[in-house]
Amino acid sequence: MPKWFMPAAVICGIMFALSPVLIARAPYESTMGLVQKIFYYHMPAAGMFLVAAVVCGIASVRYLFGGSPRQDRLAWAAAELVVLFGAIALVTGPLWARKAWGVWWQWDVRLTSSLMGWMVAVAYLLVRKYGGPGSDKLAAGLALFGMANVPFIYISVNYWRTIHPTTNVVPTLPTSMGVPFWFCFTAFVLLFVLLLRLRVRLEEQRSRLDVLYLSLDE
Amino acid sequence: MTVFKRVITFASLILLLAAGSIAAEQPQQTEQQKGFVPVSELPPQDQLPAAPLLVSAYAFVWLAVFGYVVSVARRLSVVQRECERLEADISRGHRTP
Amino acid sequence: MNAFVRIVWLVVRKDLTVEVRSREVIYTTVFFAVTVVLVFAFALVREGRALGDAAAGILWIAIAFAGTLALGRTFERERQAETLRALLLAPADRPAIYVGKLVGIVVLLVATELVLVPLIAFLFQAPLFSQPLWLTAVLLTGTLGYCAVGTLFAAMLVRARSRDVLLPVLLYPITIPVIIAGVRGTAALLEPTPDVAIIRFWVSLLVAFDTVFVTLALWTFEPLMTD
């Protein structure tokens, strides 16, 4: 593992450990009260969900058109993180919605397209695991289509009538909410980078294993 | 120590630290109701307590991330053990059966 | 450009000729679609009458399921005869082959829809023919979008393991927007007084999806099929 990994992991861990303190000290939102504090984890997780999908998509394109195995490893790792962060967003969101909107789920644009994007990532992992030979290119093609969905997920909430908050909320946060939010966001970005690096290492070791097996069979 | 054990130790320390900080910093109590108001007469929003939802949300995040880290660490140590075994075999000049 | 169209026409003609001679895929697909409609009709019946609004949804579910079946069968035929490799070895533009297969599948599904639409109009008393032009627009753009992705994935899956179950796994998440738009567009024209603006919105959205999907498919067909 690279030298920055352990210090970064320690910093990330401390940030996550301290985040409940900052979140508890943040002011209440006027209409939603206590449950709104899910926002400080829900929004960064959703952000990382989209970022991971874009990383997976770009790596898949580069793998399809360039053939570099490094991009393939990166794409697989990013896809797993899409599933992880997407699951976090799709679970914390309804928990918040149950109180704020009165329902667990709404078939509005943002939620539907996010769920769809998440399922594409799950399909990616299924293909990689059970697809047999050629599944790497197949999954790469799938990831490309999935990535095309990401900008739609992000801006859809601004153009369709939806109950989900628009993208205008984050830039206009008051400082007392902005500080804990950006703190948590930074923690999540750091977590994303660390998990990506860790998962890529698993793929690198698997490739090394393949090389070792091949060298035995010569 | 194997990668797996190292990761578990690290993650557990973080969890302990977080639990400690949460315990030390008391979250603000929601205002106590003054006087008796039957639950059925509260506006619909207030009838659902928020705290369980909040706690479940944060608990899920921590468990999901922790679970993922454990999963990767486990797969990593399996692969690394296999790599080491193969390299030992190669250096001894054996072929795997 | 001429060569491109020629290749597309040759591939389409080959597929249609094979199909007309055996009629295997069209018969089984149409029959399967009809059974899907019936199963859903029975599932959604209340007090002896089917739910009125179900017609649009059931139509598109039947198209989606029948499409998956048709895609699987068509490419299975290619796999068994190893004609896909022959196609790829031919001195033809890969995108042209893709477009040729796409047109063939769309023709197949449209033939299925010719049976499905009257059946659903009959079973659900749904005024599907009140806006025939808009209905055609919705069906064509929706079918094209669905098949654009489906042809690409089915072609790629020809050599994969578990290809039968992987096709729906790959296809359905990606085509959810097309199905949603198709259903909402069809439902809009089933209204007693259809709002043309709404129908036009969904059709434009479908056209946008079609453009994106066909472009992406054309772009990735070449690298995905080389192995």
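These protein sequence lines are chains A, B and C, in that order.
Heads up, the first sequence is in this note's numbering, so the first residue is 1 and it goes up one at a time.
Heads up, the second sequence is in this note's numbering, so the first residue is 219 and it goes up one at a time.
Heads up, the third sequence is in this note's numbering, so the first residue is 316 and it goes up one at a time.
All residues carry an ideal CB built from backbone N, CA and C; glycine is no exception.
Around the C-beta of residue i, are 16 or more other C-beta atoms found within 10 angstroms, so that it is buried, or is it exposed?
i        : result
A/MET177 : buried
C/PRO406 : exposed
C/TRP517 : buried
A/GLY67  : exposed
C/ASN317 : exposed
C/GLY415 : buried
B/VAL257 : Because B/VAL257 sits at a pLDDT of 49, beneath the cut-off of 50, its placement in the model cannot be relied upon, and the point is left open.
C/PRO492 : buried
C/GLN440 : exposed
A/SER114 : buried
C/ALA396 : exposed
A/GLY57  : buried
B/GLY311 : exposed
C/LEU429 : exposed
C/ASP330 : buried
C/GLU393 : buried
B/GLN251 : Here B/GLN251 scores only 41 on pLDDT, less than 50, and its place in the model should not be relied on; the value that follows carries that caveat. The residue in question, B/GLN251, is exposed, as its Cβ has fewer than 16 Cβ neighbours within 10 Å.
C/ALA379 : buried
Let me see if you follow: with CB-CB separation under 8 Å, is residue i close to chain B or not?
i        : result
A/GLY57  : no
A/LEU99  : For clarity, residue 99 of chain A is Lys in the given sequence; the question names Leu instead. Yes, because at least one Cβ of chain B sits closer than 8 Å to the Cβ of A/LYS99.
A/THR176 : The sequence as given places Ser at residue 176 of chain A; Thr does not occur at that position. No, A/SER176 does not count as interfacial toward chain B.
A/ARG201 : yes
A/THR92  : yes
A/VAL82  : no
Check the C-beta distance from residue i over to residue j and give it rounded, since I have them as a contact under 8 Å.
i        : j        : result
A/PHE185 : A/GLY13  : About 16 Å separates the two Cβ atoms, so there is no contact after all.
C/ILE412 : C/ILE373 : Going by Cβ atoms, the distance from C/ILE412 to C/ILE373 rounds to 34 Å, so no, they are not a contact pair.
A/ALA59  : A/GLN71  : 5 Å
A/PHE183 : A/MET15  : 7 Å
A/SER52  : A/GLU203 : A quick correction: the sequence has Ala, not Ser, at residue 52 of chain A. Between A/GLU203 and A/ALA52 the Cβ distance is about 15 Å, and since that is not below 8 Å, they are no contact.
B/LEU304 : A/LEU214 : That belief does not hold up - the Cβ atoms of B/LEU304 and A/LEU214 are roughly 11 Å apart, past 8 Å.
C/LEU386 : C/ALA469 : 4 Å
C/LEU467 : C/ALA401 : Wrong, their Cβ atoms sit about 19 Å apart, outside the cutoff.
How far does the alpha helix (DSSP H) with residue i in it extend, from its first residue to its last?
i        : result
A/TYR191 : Before going on, a small fix: residue 191 of chain A reads as Leu here, not Tyr. Segment 175 to 216, the alpha helix (DSSP H) holding A/LEU191.
C/MET471 : 447 to 472
C/ILE373 : 369 to 396
B/GLN298 : 268 to 309
A/ARG128 : 109 to 130
C/ILE494 : 478 to 505
A/GLY86  : 69 to 100
A/ILE163 : Taken as a continuous stretch (DSSP letters only), A/ILE163 belongs to no alpha helix (DSSP H), as it is neither H nor E.
C/ALA405 : Where C/ALA405 is concerned, there is no enclosing alpha helix (DSSP H), given that its DSSP letter is neither H nor E.
A/SER135 : 135 to 159
C/ASP330 : 317 to 337
A/THR172 : From DSSP, A/THR172 is part of no alpha helix (DSSP H); its letter is neither H nor E.
Can you find the residues in the same chain that come closer than 8 Å, C-beta to C-beta, to residue i, ignoring five residues on each side of it along the sequence?
i        : result
A/TRP101 : ILE163
A/PRO94  : TRP104 and TRP105
A/ARG128 : TRP76, ALA79, SER135, ASP136 and ALA139
C/PRO509 : SER445, GLN446, TRP449 and ALA503
A/ARG201 : MET1
Counting contacts by CB-CB distance shorter than 8 Å, is residue i in contact with chain C?
i        : result
A/ALA148 : yes
A/GLY86  : no
A/LYS137 : yes
Output yes if chain A places a C-beta closer than 8 Å to the C-beta of residue i; else output no.
i        : result
B/SER309 : no
B/SER274 : yes
B/THR248 : Confidence at B/THR248 is low in this model, with a pLDDT of 42, below 50, so the placement of that residue is unreliable and no value is reported for it.
C/ALA503 : no
B/ILE226 : no
B/LEU281 : no
C/LEU353 : no
C/PRO410 : no
B/LYS252 : Low local confidence applies: a pLDDT of 44 at B/LYS252 is under 50, so the model's placement there is unreliable, with the coordinate-based value given in what follows. No, B/LYS252 lies away from the interface with chain A (no Cβ there is under 8 Å from its Cβ).
B/ARG299 : no
B/PHE284 : no
C/ALA475 : yes
C/ILE435 : no
B/SER230 : no
C/LEU386 : no
B/PRO245 : Residue placement at B/PRO245 cannot be trusted, given a pLDDT of 44 that sits under 50; what the coordinates show is reported in the next sentence. Interface residue, yes.
B/ALA401 : Not covered by the structure: residue 401 of chain B. The range shown for chain B is 219 to 315.
B/ALA277 : no
Tell me which residues share the same chain as residue i and place their Cβ nearer than 7 Å to its Cβ, disregarding the 5 neighbours each side in the sequence.
i        : result
A/VAL54  : MET147 and VAL150
A/ASN158 : THR166 and THR167
Might you give, ordered along the chain, the residues of its own chain that have their beta carbon closer than 6 Å to the beta carbon of residue i, omitting 5 neighbours on each side?
i        : result
A/ALA140 : SER60, TYR63 and LEU64
C/GLU362 : none
A/GLN36  : GLU29
A/PHE188 : PRO44 and MET48
C/PHE355 : ILE373
List, in order along the chain, the chain E residues whose C-beta lies closer than 9 Å to that of residue i?
i        : result
B/VAL288 : In the displayed structure, chain E is absent; the protein chains listed are A, B and C.
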